[in-house]
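Data first, discussion second: the structure below is written as structure tokens.
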Amino acid sequence: AASPASITLLHFSAFFAPDAIPYELILASELGEPLVSALTSPPGGDFALNEILAPLARHSLVHKNAEARTYSVHRLVQVVLLAELTDATCRDFAEQAIKALNRTFPDVEYANWPRCGRLVPHALAVWGWIECFDKSKEPLLVPAAAQLLNQAGYYLCLRARYAEAEALHRRALAIWEALGPDNPDTATSLNNLGVLLRFQGRYYGEAEALLLRALAIREAELGPNHPDTAISLNNLALLLQAQGRYGEAEPQLRRALAIREATLRSDHPDIVFTLNDLAGVLRAQGRFEEAEQLLLRALAIREAAVDPDHPDRVTSPNTATILDMATSLNNLGVLLRDQGRYGEAEQRLRRALEIREQALGPDHPDTATSHNSLGVLLRAQRPTEQLLLKEAEQLLRRVLAIREAAVDPDHPDRATSPNTATSLDMATSLHNLAESLRAQVQFKEAEPLLLKEAEQRLRRALEIREATLRSGHPDIAQSLNYLAEVLRAQGRPGEAEQMHRQALEIREATLRSGHPDIAQSLNNLAESLRAQGRFKEVEPLYRRALEIREAALGPEHYKTAYILNNLAESLRAKDRFAEAEPLYRRALAIFEKKLGPEHPYTVCCRENFAKLPPLPDR
544 AASPASITLL HFSAFFAPDA IPYELILASE LGEPLVSALT SPPGGDFALN
594 EILAPLARHS LVHKNAEART YSVHRLVQVV LLAELTDATC RDFAEQAIKA
644 LNRTFPDVEY ANWPRCGRLV PHALAVWGWI ECFDKSKEPL LVPAAAQLLN
694 QAGYYLCLRA RYAEAEALHR RALAIWEALG PDNPDTATSL NNLGVLLRFQ
744 GRYYGEAEAL LLRALAIREA ELGPNHPDTA ISLNNLALLL QAQGRYGEAE
794 PQLRRALAIR EATLRSDHPD IVFTLNDLAG VLRAQGRFEE AEQLLLRALA
844 IREAAVDPDH PDRVTSPNTA TILDMATSLN NLGVLLRDQG RYGEAEQRLR
894 RALEIREQAL GPDHPDTATS HNSLGVLLRA QRPTEQLLLK EAEQLLRRVL
944 AIREAAVDPD HPDRATSPNT ATSLDMATSL HNLAESLRAQ VQFKEAEPLL
994 LKEAEQRLRR ALEIREATLR SGHPDIAQSL NYLAEVLRAQ GRPGEAEQMH
1044 RQALEIREAT LRSGHPDIAQ SLNNLAESLR AQGRFKEVEP LYRRALEIRE
1094 AALGPEHYKT AYILNNLAES LRAKDRFAEA EPLYRRALAI FEKKLGPEHP
1144 YTVCCRENFA KLPPLPDR
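Those letters in the sequence shown? Residues 544 to 1161, by my numbering.
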């Protein structure tokens, strides 16, 4: 017969997910006698737990997997067990399950993801109990419940399982609000929910209000110079950046950086993170020199923190530091690429790739990111050299293969939980590979096949994003935009026009009126109309796009010059040469200053300008 300890354990097991209940949850529980005595009797640990499980396994009430340190309970057994318990006993067991999970759930770092993944099904199970008791007269308002839901929600957010993450974060916030609306734990929940909404592309209204309230609580309760206040400032800035509000984001990041420099050691990773984020905002504004200085400083901090005497500089205890260094190298390489400094960019990106391959292995997602950055660089570096474009294509195909291999083929929906984050990365890879294929169409013999494959890749990326993200997400607009450009390159401007209009509609509905991405959609829609000879409709679109970019990025940004060039081209097509000339001159001056005389954009603009017929005053 089963012992009292075995019976207690069996009832307790009904409060977790039925499959693969980890031993560590039981060993972390505090269920009292007789289970405590049974678990702690020598030699204790797994041996004692297996002894308790043995009679249950003999009666097929549980199925052990001692090697994996888990056991499972049939769902029908759980139903029968729960029917035997009083409401008060159910509440006690549920609270103990919450506390055991909260003690066991690790920090949500990449190295802990496998462990988090094993525990999340059980966190979702106890969340069900929290919801159940919330409908009763005595909700489970215990700090451990809010802490657990916050941790599990954060993990789900990082895995792009947004709907589940949002539900957990909202319940955690409700618990903290009930326990104290202005305490720092409430601020943490507000912060995490705001970050989640940003990840979902829900940039306005609630997300900003949540982050502002978190900031206000932390400033009031912890002080204006507390490290947690810096976290709020940093996250608020990233939300503002996502909205294209670069001028507002920058001071928040500078203040966060000042706090971290004053309160943390000089080589603390959080300082490096803020330097990287601030550099990203400056890069978006075309302030390349300032951004470069910040990235060089971030890189120097991490390089100095690496132990030079360790026999393997890219493994423990240097791993975290060296991987931060790889991130800075990657960001610096992308910045240099934007400036047309391709040789320097390639050196940084290859070094980042080398570090990640050695420290993480060839199939790690971060290694794939480095392959991706290098592939995009090679595509941009020599757009007229077929060999480099082919190397770029090979790198991007490898990225896609890595990310495809990471998707669980046996999951009933390959584009959603738990594959969501990987699928979204795969969609980005499909975009970049398609762009690489499109860049090779100048080699005429390959044009039809390359464009057809590019179209297929982009349609698959769009399908993934539409299946994974909420309707109207800005990333869906990005997919529509890329696909429309390939259709236009295939001589299908009418189809391209419809997709550009869809993308523009999404962006105008979800982004503020002056967001740079709206300017991109306006420009690309104008290009599709120009390809159809509908010149009267084109000029207002270009001028609106130009107005947005000048306001958002400044009159000297190279992306502003891109619109100037296109507007000049449309005016030249209508024989309005006198109006086109100053636009060409201004665009060319910006390209030469910002990107250099040999950058492809500069060369293209110079060639377009040369097509302008002589004017009397030229």
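Virtual Cβ for every residue (Gly too), placed ideally from N, Cα, C.
Could you check whether residue j and residue i sit closer than 8 Å to each other, using their CB atoms as the reference points?
i: S572; j: A643; result: yes
i: L943; j: E934; result: no
i: E1093; j: T1103; result: yes
i: A1046; j: G1015; result: no
i: A1132; j: F1078; result: no
i: L807; j: L837; result: no
i: L582; j: T551; result: no
i: D820; j: L781; result: yes
i: A600; j: L578; result: no
i: T647; j: E576; result: no
i: A773; j: R803; result: yes
May I ask which residues mark the beginning and end of the beta strand (DSSP E) holding residue i?
i: T613; result: T613 to V616
Out of the options, point me to the one whose CA is closest to residue i's CA.
i: G1098; options: R1115, I550, D630 and L1126; result: First, the residue type needs correcting, since residue 1098 is Pro and not Gly in the sequence shown. For the residues R1115, I550, D630 and L1126, the minimum Cα distance to P1098 belongs to L1126.
i: I760; options: E720, R741, R788 and T1053; result: E720
i: I814; options: F559, E1093, D867 and A763; result: D867
i: W670; options: F831, F558 and A591; result: F558
i: L892; options: A902, L903, N915 and S809; result: N915
i: S871; options: S913, P905, E900 and D906; result: S913
i: A631; options: R714, A843 and P682; result: P682
i: E1124; options: W656, L592, L1107 and P1036; result: L1107
i: L939; options: R1000, M1042, D725 and Y1085; result: R1000
i: G823; options: A801, L842, V877 and E804; result: V877
i: I1007; options: A843, A703 and R646; result: A703
i: A888; options: R634, V919, T864 and Q786; result: V919
i: R797; options: T1145, Q786 and N778; result: N778
i: A841; options: G829, Q828 and N873; result: N873
i: S809; options: A847, A792, L776 and R788; result: A847
i: Y569; options: L1023, L1084 and G588; result: The sequence as given places Ile at residue 569; Tyr does not occur at that position. Cα-wise, what sits closest to I569 is G588.
i: A620; options: D635, R612 and L604; result: With the sequence shown as reference, residue 620 is identified as Val, and Ala is not the correct amino acid for it. V620 has its Cα closest to that of L604, out of D635, R612 and L604.
i: R1087; options: L624, S1064 and V622; result: S1064
i: H811; options: F1152, V849, V738 and A1121; result: V849
Who does residue i pair with in a DSSP beta bridge?
i: H606; result: S615
i: P565; result: T613
So what's residue i in DSSP terms, helix, strand or just coil?
i: A888; result: helix
i: N768; result: coil
i: S556; result: helix
i: L838; result: helix
i: V849; result: coil
i: Y1085; result: helix
i: R714; result: helix
i: N726; result: coil
i: G918; result: helix
i: R830; result: coil
i: D951; result: Low per-residue confidence applies at D951: pLDDT is 49, beneath 50, and the placement is therefore not dependable enough to give any value.
i: V815; result: helix
i: S1014; result: coil
i: S859; result: Bear in mind that the predicted position of S859 carries a pLDDT of just 48, short of 50, making it unreliable; the figure below should be weighed with that in mind. S859: coil per DSSP, three-state reduction.
i: A843; result: helix
i: A958; result: Any reading at A958 must be qualified, since the residue scores a pLDDT of 39, below 50, and its modelled position is unreliable; the value itself is stated next. Looking at A958 - three-state DSSP - the assignment turns out to be coil, as it is neither helix nor strand.
i: H1043; result: helix
i: L753; result: helix
i: D820; result: helix
i: L1155; result: coil
i: E1093; result: helix
i: P905; result: coil
i: T731; result: helix
i: R1035; result: coil
List the endpoints of the continuous alpha helix (DSSP H) containing residue i.
i: V579; result: L578 to T583
i: G1057; result: From DSSP, G1057 is part of no alpha helix (DSSP H); its letter is neither H nor E.
i: L701; result: P686 to L701
i: R808; result: No alpha helix (DSSP H) contains R808, which DSSP labels as neither H nor E.
i: A600; result: G588 to R601
i: P1017; result: P1017 to A1032
i: F648; result: Taken as a continuous stretch (DSSP letters only), F648 belongs to no alpha helix (DSSP H), as it is neither H nor E.
i: E1122; result: F1120 to L1138
i: R1077; result: That residue, R1077, is in no alpha helix (DSSP H); it is neither H nor E in DSSP.
i: R661; result: W656 to D677
i: A545; result: Premise fails: A545 is in no alpha helix (DSSP H) and is neither H nor E.
i: S1113; result: Y1101 to A1116
Kindly indicate if chain D contains any beta-carbon less than 8 Å away from that of residue i.
i: R1000; result: Of the protein chains in this structure there is only one, and it is not chain D.
Less than 7 Å separating the Cβ of residue i from some heavy atom of the ligand MG?
i: F816; result: With respect to small molecules bound, the structure shown includes none, and the ligand MG cannot be examined in it.
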